[in-house]
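Asks:
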Amino acid sequence: MLMRRHGGPGALGLVLLLLAAPAPGEEDNREDLPAVLPEPVTTTHSLETVDGERLEYRATVGYTPLGEDREHPEARVFSVAYTMGDEEADRPVTFLFNGGPGAASAYLNVGGLGPRVLETDERGLSATTPPRLVDNPKTWLAFTDLVFVDPPGTGFSRVMEAGDPEDFFEPEGDLAALEETLERWLDDHGRRGDPVYLGGESYGGYRAGALPARLMRNSGISVSGTVLVSPALDFGMLEGGTGRPLPHALMLPALTASARAHDRLGDDPPSLEQAEAFALGDYLEGLLHPDRIDADWIDEVARFTGIDRDHLRATGGRVTLNMAQRGLLRDEGRLVSLYDGGIDSPDPVPTRTRPRADAILDGLVAPLSTAMLDHLRNTLDWSHGHQYRLLSREVFGAWDWDSSQRTGPASAMDDLATALALDPRFRIFSVHGEADLITPYFATEWLLGQIAHAADPGDDERIVTGRYPGGHMLYMRADTNAELFDDARRFYTGHAADEDGAAADPD
């Protein structure tokens with residue numbers, strides 16, 4: 084989950100779209116909690132997979148203490164681990180994070196990849212009231228153990244009295260905390276010798292991109308691969324502006340996908356492949372040379388985006404997020420979701436300059452929070468912790484982008500290139516919903532193309548990308564999740580499923 088604030092700190096402009104940041108001094112994000120952490124709780128479960136096999140698994144819920152003194156930790160990191168069979172059987176283990184920063188991992192856990200998931204409708208929203216969890220026959224537990232990690236300040240994870248929030252709520256400190264968490268979890272569970280994978284969504288994709296090289300160099304942990312779900316890999320590519328035309332060009336195909344979903348591009352709508360060619364061709368050329376823009380160029384931009392020509396002329400052909408959210412269906416008084424441009428909802432306050440409602444982001448907070456708590460309390464027997472924070476405005480409001488040791492917008496690209504170069508077996512699997520307007524798929528594909536040189540020449544199996552129907556949380560749509568499951572299994576095992584659903588031998 085990536086949260087946005089218009090006009091946010093620094094040049095990033097990333098922040099909360101819907102949750103207001105707390106006033107200074109309102110919350111110091113440190114809690115006086117018992118220093119002695121409760122013991123982990125393990126329960127056993129089973130479900131039937133898509134292959135018709137019975138999958139027996141263990142769920143372990145607990146905290147990992149951070150800091151040199153385990154009896155007085157600086158932070159406690161909450162995780163839910165699903166494991167199968169013998170932990171000495173060389174089975175892959177994947178650590179997963181969501182984003183924000185300030186989001187818990189419930190999105191990836193009960194949203195789509197775990198063994199129990201929220202029942203959703205065709206839009207990827209809760210299908211029932213109250214929300215209901217169901218067995219997930221396409222859980223990724225079929226081919227990898229799963230450890231869902233909540234960074235400090237999210238879920239039940241907290242900065243303790245002995246810790247300093249400033250050490251955790253900034254990019255470098257966040258990565259250091261997760262590196263320590265993963266190293267301790269692997270050591271505590273005797274899993275260092277098993278294949279290790281990382282997975283992250285949105286800002287979690289930045290984490291999953293930046294961590295592999297660090298783990299290899301700092302902790303001596305070999306990372307087999309990383310799964311990037313709607314990742315925010317380079318924040319300089321996510322916010323356009325007068326002097327930054329490339330992000331606008333890289334977002335255009337997602338705008339085309341959104342307009343196609345709403346039948347706003349006529350009887351013969353352009354394909355996404357045509358949109359990609361236009362984006363890095365005539366469209367980018369016009370943005371680079373605004374003095375050459377003419378009516379024909381504006382007409383072409385309108386043909387690919389469905390946005391009103393007058394609005395495009397006023398912005399020099401640049402489509403802002405506000406235009407994407409409100410401009411496409413303005414005549415119907417409806418808002419397009421930035422998290423899935425194919426989904427819309429009524430505009431509750433049309434007089435507001437910038438909409439503060441999003442059908443996907445807002446629509447999932449309550450059902451996912453309820454479902455996750457129900458899962459923890461009633462299925463996994465976890466009775467500790469209070470105030471589960473699915474989306475923490477305190478963490479987001481306290482996040483210090485400027486304290487990073489890096490220069491310029493945060494980027495995981497150098498780290499990803501380093502991981503590819505350090506380990507010839509390290510691989511990348513990046514997936515996107517085609518109508519994601521928060522982290523556009525074409526931006527990620529372009530970025531990954533820039534580091535292809537770090538992989539072996541001609542080896543197209545080390546960087547694998549996938550584009551699917553849907554948006555930012557693409558895994559919450561049943562049709563997309565089925566396709567994603569097959570592609571993920573192929574990435575992990577080298578083979579997909581046959582027509583009957585059973586795993587097929589690689590050819």
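Converting from the sequence shown to my numbering requires adding 83 to each position, the first position being numbered 1.
The beta carbon of each residue, even a glycine, is placed where N, CA and C say it ideally should be.
If you reduce the DSSP assignment to three classes, tell me which class S302 lands in.
Replies: What you label residue 302 is simply residue 219 of the sequence shown in a count that begins at 1. The answer is helix: DSSP assigns S302 an H, G or I state.
Asks: Taking one C-beta from the region 406-422 and one from the region 553-563 each time, how about it: are there three or more such pairs within less than 8 angstroms?
Replies: These segments touch.
Asks: According to DSSP, what are the bridge partners of S209?
Replies: Indexing the sequence shown from 1 puts residue 209 at position 126. Note: S209 sits in a beta bridge opposite T203.
Asks: Please name the residue or residues paired with G246 in a DSSP beta bridge.
Replies: Taking the first residue of the sequence shown as position 1, residue 246 is located at position 163. None, per the DSSP bridge assignment.
Asks: Beta carbon of R392, beta carbon of A385: below 8 angstroms?
Replies: The residue labelled residue 392 in the question sits at position 309 within the sequence shown. The residue labelled residue 385 in the question sits at position 302 within the sequence shown. Yes.
Asks: Going by DSSP, what residue range makes up the alpha helix (DSSP H) through S354?
Replies: Along the sequence shown, one-based indexing puts residue 354 at 271. Run containing S354: none; DSSP gives neither H nor E here.
Asks: If I measure Cβ to Cβ from A187 and keep anything under 7 angstroms in the same chain, skipping five residues before and after, which residues do I get?
Replies: For this step, residue 187 is matched to residue 104 along the sequence shown. Once the five neighbours on either side are set aside, the close Cβ partners of A187 are N181, D233, T237, G238, R472, L473.
Asks: Please state whether DSSP places H656 in a helix, a strand or coil.
Replies: The requested residue 656 does not occur in the structure, where the chain is confined to residues 84 to 590.
Asks: Could you spell out where the beta strand (DSSP E) holding I443 opens and where it closes?
Replies: Position 360 of the sequence shown, counted from the first residue, corresponds to residue 443. Run containing I443: none; DSSP gives neither H nor E here.
Asks: At 3 residues or longer, what runs of the beta strand (DSSP E) sit wholly inside the region 142-182?
Replies: Runs found: 158-166, 176-180.
Asks: Out of curiosity, what's the CA-to-CA distance linking W223 and G185?
Replies: Mapped onto the sequence shown, residue 223 falls at position 140. Mapped onto the sequence shown, residue 185 falls at position 102. If I take the Cα positions, the gap works out to 24 angstroms.
Asks: Hey, A340 and L348: beta-carbon distance below 8 angstroms or not?
Replies: One-based indexing of the sequence shown puts residue 340 at position 257. One-based indexing of the sequence shown puts residue 348 at position 265. Result no, Cβ atoms of A340 and L348 do not sit closer than 8 angstroms.
Asks: Apply the 10 Å Cβ neighbour rule to Q470 and answer buried if 16 or more other Cβ atoms are within range, or exposed otherwise.
Replies: Locating residue 470 in the sequence shown gives position 387, where the first residue counts as 1. Exposed: under 16 other Cβ atoms inside 10 Å.
Asks: How about the region 392-402 and the region 376-383: do they share at least three Cβ pairs that are nearer than 8 angstroms?
Replies: Touching, per the Cβ criterion.
Asks: Could you spell out where the alpha helix (DSSP H) holding F387 opens and where it closes?
Replies: Counting from one through the sequence shown, the residue named residue 387 turns up at place 304. That run of the alpha helix (DSSP H) goes 378-388.
Asks: According to the neighbour-count rule (16 or more other Cβ atoms, all chains shown, within 10 Å of its Cβ), is R510 buried or exposed?
Replies: In the sequence shown, counting from the first residue as 1, residue 510 sits at position 427. Under this definition R510 is a buried residue.
Asks: According to DSSP, what are the bridge partners of L229?
Replies: As a first step, residue 229 must be located in the sequence shown, where it is residue number 146. Looking at the DSSP assignment, L229 forms a beta bridge with Y165, T177.
Asks: Please tell me whether V478 and F512 are closer than 8 angstroms, where the distance is taken between their beta carbons.
Replies: If you number the sequence shown from 1, residue 478 lands on position 395. If you number the sequence shown from 1, residue 512 lands on position 429. No, the Cβ-Cβ distance between V478 and F512 is not below 8 angstroms.
Asks: Quick one, are the C-beta atoms of F525 and P336 less than 8 angstroms apart?
Replies: Within the sequence shown, residue 525 is the residue found at index 442, counting from 1. Within the sequence shown, residue 336 is the residue found at index 253, counting from 1. For F525 and P336, yes; Cβs fall inside 8 angstroms.
Asks: Out of V176, V193, G491, G287, point me to the one whose CA is closest to D228's CA.
Replies: Numbered from 1 along the sequence shown, position 145 holds the residue referred to as residue 228. Residue V176 is the option with its Cα nearest to D228.
Asks: Just mark N405 as buried or exposed, buried being the case when its beta carbon has 16 or more other beta carbons within 10 Å.
Replies: As a position in the sequence shown, residue 405 is number 322, starting the count at 1. That one is exposed.
Asks: Just to confirm the assignment, what range does the beta strand (DSSP E) spanning H394 have?
Replies: Residue 394 sits at position 311 when you count from the first residue of the sequence shown. Here H394 belongs to no beta strand (DSSP E); instead the alpha helix (DSSP H) covers 392-397.
Asks: Within the same chain, show all residues whose beta-carbon is closer than 7 angstroms to that of A538, passing over the 5 residues directly before and after it, in chain order.
Replies: Start at 1 with the first residue of the sequence shown, and residue 538 comes out as number 455. Contacts found: L503, R545, I546.
Asks: Could you give the DSSP three-state label for R437: helix, strand or coil?
Replies: Residue numbering aside, residue 437 sits at position 354 when the sequence shown is read from its first letter. In this structure, R437 counts as coil in the three-state DSSP scheme.
Asks: Using the DSSP secondary-structure output, state which residues sit across from F252 in a beta bridge.
Replies: The count along the sequence shown starts at 1 and reaches residue 252 at position 169. DSSP, once it has assigned bridges, lists no residue as partnering F252.
Asks: I need the straight-line Cα distance from G532 to H272, nearest angstrom please.
Replies: Taking the first residue of the sequence shown as position 1, residue 532 is located at position 449. Taking the first residue of the sequence shown as position 1, residue 272 is located at position 189. Distance between the alpha carbons of G532 and H272 is about 37 angstroms.
Asks: Excluding sequence positions up to five away, which residues of its chain have a Cβ less than 7 angstroms from the Cβ of D590?
Replies: Looking up residue 590 in the sequence shown gives position 507. Only weak support is given to the placement of D590: the predicted model assigns it a pLDDT of 40, under 50, and the value that follows is read from those uncertain coordinates. Cβ neighbours of D590 beyond the five flanking positions: none.
Asks: In whole angstroms, give me the CA-to-CA distance for Y286 and V312.
Replies: On the sequence shown, residue 286 is found 203 positions in, with the first residue counted as 1. On the sequence shown, residue 312 is found 229 positions in, with the first residue counted as 1. Whole-angstrom Cα-Cα distance: 10 angstroms.
Asks: Going by other Cβ atoms of all chains shown within 10 Å of its Cβ, with 16 needed for buried, is L261 buried or exposed?
Replies: The count along the sequence shown starts at 1 and reaches residue 261 at position 178. Buried.
Asks: For N222, which of helix, strand or coil comes out of DSSP?
Replies: As a first step, residue 222 must be located in the sequence shown, where it is residue number 139. For clarity, residue 222 is Thr in the given sequence; the question names Asn instead. In this structure, T222 counts as coil in the three-state DSSP scheme.
Asks: Just to confirm, are A495 and Y289 a CB contact at a threshold of 8 angstroms?
Replies: The residue given as residue 495 occupies position 412 in the sequence shown. The residue given as residue 289 occupies position 206 in the sequence shown. Yes.
Asks: On a CA-only basis, which of A565, I521, D382 is nearest E284? Give me that one, please.
Replies: One-based indexing of the sequence shown puts residue 284 at position 201. Minimum Cα distance to E284 is reached at I521.
Asks: Which residues does DSSP pair with I546 in a beta bridge?
Replies: Residue 546 sits at position 463 when you count from the first residue of the sequence shown. I511, per the DSSP bridge assignment.
Asks: Leaving out five residues before and five after G468 in sequence, what residues of the same chain have Cβ atoms less than 6 angstroms from its Cβ?
Replies: Indexing the sequence shown from 1 puts residue 468 at position 385. Correct list, in chain order: F239.
Asks: Leaving out five residues on either side along the sequence, give the residues of the same chain with a beta carbon under 7 angstroms from the beta carbon of T72.
Replies: The requested residue 72 does not occur in the structure, where the chain is confined to residues 84 to 590.
Asks: Which two residues bound the contiguous beta strand (DSSP E) that contains P429?
Replies: On the sequence shown, position 346 is the one that residue 429 refers to. That run of the beta strand (DSSP E) goes 427-429.
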